[in-house]
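Just so we're aligned, residue 1 is where the sequence shown starts under UniProt numbering, counting upward by one.
Beta carbons are placed, not taken as given, at the ideal position from N, Cα and C, and that holds for glycine.
Only a predicted model underlies this, so the values are computations on that prediction, with no experimental measurement involved.
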Amino acid sequence: MVQGQQLEVLKALDVAKTQWYHFTAIIIAGMGFFTDAYDLFCISLLTKLLGRIYYNVPGSAKPGALPINVAAAVSGVALCGTLAGQLFFGWLGDKMGRKKVYGITLVMMVCMSIASGLSFGSTAKSVMTTLCFFRFWLGFGVGGDYPLSATIMSEYANKKTRGSFIAAVFAMQGMGILAGGVVSLIVASAFEAKFKPPPYKVNAVASLPPESDYIWRIVLMFGAFPAATTYYWRMQMPETARYTALVAKNAKQAAADMSKVLKTEIEAEEEMVDKIGKTQQNQFGLFTKQFARQYGVRLLGTTSTWFLLDIAFYSQNLFQKDLFTSVGWIPPAAEMNAIREVYMVARAQTLIALCGTVPGYWFTVAFIDVIGRWWIQMMGFFFMTVFMFAIAFPYNYWSKKENRIGFIIMYGLTFFFANFGPNATTFVVPAEVFPARLRSTCHGISAATGKAGAIIGAFGFVYASQDPNPAKRDHGYPAGIGKSKSLIVLGVINFIGMLCTLMVPESMGKSLEELAGEVEVDDVEEERKESA
């Protein structure tokens with residue numbers, strides 16, 4: 001970009017007052033994230049049911065459970081797809097434009113959500129294989145939504161409230177997690193009221209009505225419908241002005257699109273865009289020494305913190321049912337029928353989401369443009385470390401019946417500070433601190449690195465958390481280090497996240513071009529005086 005100059009259309013977006021189009025963009029992008037979270041996390045509510053249905057051993061004292069490799073695959077395969085999708089669609093968003101790719105990801109999410117519920121096969125292996133196949137491609141579509149939603153919202157927003165707008169889109173993840181629990185509760189309650197099965201230890205066969213197979217399918221497919229309702233509106237959104245002007249070099253279209261959005265006349269500065277185009281022909285790409293010098297540290301900061309956060313966050317989310325069982329908040333499997341177990345797991349997750357997860361997201365929305373991204377991220381990692389250690393070291397104390405409420409409060413606080421902390425800020429910052437031509441790509445790289453951490457959490461925690469005592473772990477599972485030591489490891493990971501946050505820049509109150517180093521400070525100060 002021509003140093004010291006910012007296009008009028010971009011200035012207009014930076015200083016625009018909060019308008020209806022901002023809220024429309026939040027809803028349209030947010031419903032995609034609602035589906036993302038619903039699809040990624042609802043599987044944790046259903047794995048115990050899948051084990052009972054497809055891996056039941058007649059005559060066993062315990063209900064069937066997914067083999068450890070199958071449990072890891074079912075929980076983690078969507079994350080593998082998400083990682084691939086973040087890299088691919090992040091890159092594609094910078095090549096083809098944000099809007100063109102945005103519709104593809106939504107269609108993929110809707111179709112694969114429905115297909116997951118229709119997973120077919122005559123054997124347990126074939127059903128799990130088709131489920132994993134569809135969930136991989138579901139994750140691929142979900143992955144594309146991360147860089148595109150963040151980039152679109154950051155490029156539409158004004159400087160003053162940009163952080164809150166991006167965080168509000170991400171906050172729909174919390175609503176998706178909550179909705180997964182609520183839908184599971186409703187479906188399980190309806191089926192239990194209809195069929196009234198006895199507990200497993202009373203009658204093993206009758207505890208699993210054949211109709212139970214519909215429960216997990218209904219829950220998985222429901223996630224498609226909220227996203228499908230926003231497809232039309234997603235396709236009606238104009239391309240962002242920053243992509244149209246700075247990457248596609250079409251000043252006239254950028255001015256026309258934003259004139260309609262902002263309801264004001266904006267001049268098409270075609271000569272300036274031509275100058276920018278000539279300057280950018282020789283500008284550095286992603287894999288260059290100049291990019292490493294100018295943006296390397298911040299990319300390392302955004303990738304490392306997201307990586308470390310997701311190891312802890314996804315371990316907590318995907319396997320919280322196992323922790324609830326170990327402290328006795330959920331009864332032993334043999335004391336429940338298959339449908340009641342779904343209900344109890346969903347109730348626990350819904351309570352945690354309602355009291356810890358969802359409020360944390362909206363605290364970030366409220367305060368991110370007040371105290372800044374950096375402080376929220378540092379504070380979040382700090383308190384996650386504190387509460388994780390507070391749970392882990394006296395783990396035997398928390399496992400006693402009279403202390404369960406305290407355990408739930410402490411565990412809920414780790415979720416609260418994850419979301420009023422790095423889970424939100426690691427999503428926001430990469431959408432702000434890189435140049436327009438590489439913004440979606442760099443966000444995709446940051447998010448994909450995070451999902452690599454999530455995969456480690458999903459596959460690693462299921463093994464590591466197994467008790468060394470064979471009597472206390474699921475049949476067929478190898479010995480691990482136990483839940484207490486696993487939580488200590490997660491606490492250490494959170495502490496390292498604090499250290500890596502030192503590499504993350506503060507982006508509050510600055511224009512995207514200033515953050516990318518594409519306008520001079522004097523020009524920015526003059527613009528701030530104009531907007532004051």
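Val-77 and Ala-193 have their alpha carbons spaced roughly 33 angstroms apart.
Around the C-beta of Leu-502, fewer than 16 other C-beta atoms lie within 10 Å, and the residue is accordingly described as exposed.
Out of Met-258, Met-388, Phe-140 and Val-127, the CA that lies nearest to the CA of Phe-89 is found in Phe-140.
Thr-364 sits buried, since 16 or more C-beta atoms from the chains shown fall within 10 Å of its C-beta. For secondary structure counted as the beta strand (DSSP E) over 3 or more consecutive residues, the segment 469-506 holds no complete run.
Pairing Arg-298 with Leu-309, the inter-Cα distance amounts to about 16 angstroms. With fewer than 16 other Cβ atoms from the protein chains shown falling within 10 Å of its own Cβ, Pro-331 counts as exposed.
Inter-segment contact for the segment 179-189 and the segment 454-461 is absent: fewer than three beta-carbon pairs are separated by less than 8 angstroms. The three-state reading of DSSP puts Lys-159 in coil, since its state is none of H, G, I, E or B. By the C-beta criterion, the segment 101-111 is judged not to be in contact with the segment 243-262, since fewer than 3 inter-stretch pairs fall below 8 angstroms. CA-CA distance, Leu-262 to Ser-154, rounds to 16 angstroms.
Trp-329 has its alpha-carbon roughly 44 angstroms from the corresponding atom of Arg-439.
Taken through DSSP and simplified to helix, strand or coil, Met-128 comes out as helix. Counting of Cβ neighbours within 10 angstroms places Ile-166 among the buried residues, the total reaching 16 or more.
The Cβ atoms of Gln-173 and Ala-37 lie closer than 8 angstroms to each other. The three-state secondary structure of Met-508, taken from DSSP, is coil. A straight-line Cα-Cα distance of about 29 angstroms links Leu-138 and Pro-435. Val-492 and Leu-286 have their C-alpha atoms spaced approximately 32 angstroms apart.
Assignment of Phe-284 by DSSP, reduced to helix, strand and coil, places it in the coil class. Taking the CA atoms as reference points, Ala-312 sits about 21 angstroms from Gly-406. Closest option to Leu-515, judged by alpha-carbon separation, among Gly-444, Glu-432 and Thr-426: Glu-432.
Between Gly-301 and Cys-500, the C-beta spacing is below 8 angstroms. With 16 or more other Cβ atoms from the protein chains shown falling within 10 Å of its own Cβ, Met-498 counts as buried. Per DSSP, Gly-457 is one residue of the alpha helix (DSSP H) stretching across 436-464. By the Cβ-count criterion, Ile-409 is exposed, with fewer than 16 other Cβ atoms from all chains shown falling within 10 Å of its own Cβ.
A residue is called buried when at least 16 other Cβ atoms come within 10 angstroms of its Cβ; Thr-264 does not meet this threshold and is exposed. Pairing Gly-372 with Glu-506 gives a Cβ-Cβ distance under 8 angstroms. By the CB criterion at 8 angstroms, Pro-147 and Ala-424 fall outside the cutoff. Residue burial annotation: Phe-427 is buried, with at least 16 other C-beta atoms found within 10 angstroms of its C-beta. Under the criterion of beta carbons closer than 8 angstroms, Pro-63 and Ala-348 do not qualify as touching, at roughly 18 angstroms. Excluding the 5 residues flanking it on each side, Ala-452 has same chain C-beta neighbours closer than 7 angstroms at Leu-83 and Phe-307, in chain order. Rounded to the nearest whole angstrom, the CA to CA distance from Gln-236 to Lys-99 is 9 angstroms.
For Asn-396, the enclosing alpha helix (DSSP H) begins and ends at 395-398. Contact between Ser-122 and Thr-130 does not hold, since the beta-carbon distance rounds to 11 angstroms and is not under 8 angstroms. With respect to Thr-303, Ile-177 sits apart: the two C-beta atoms are not nearer than 8 angstroms.
Annotation for Ile-352: the continuous alpha helix (DSSP H) segment containing it runs 338-352.
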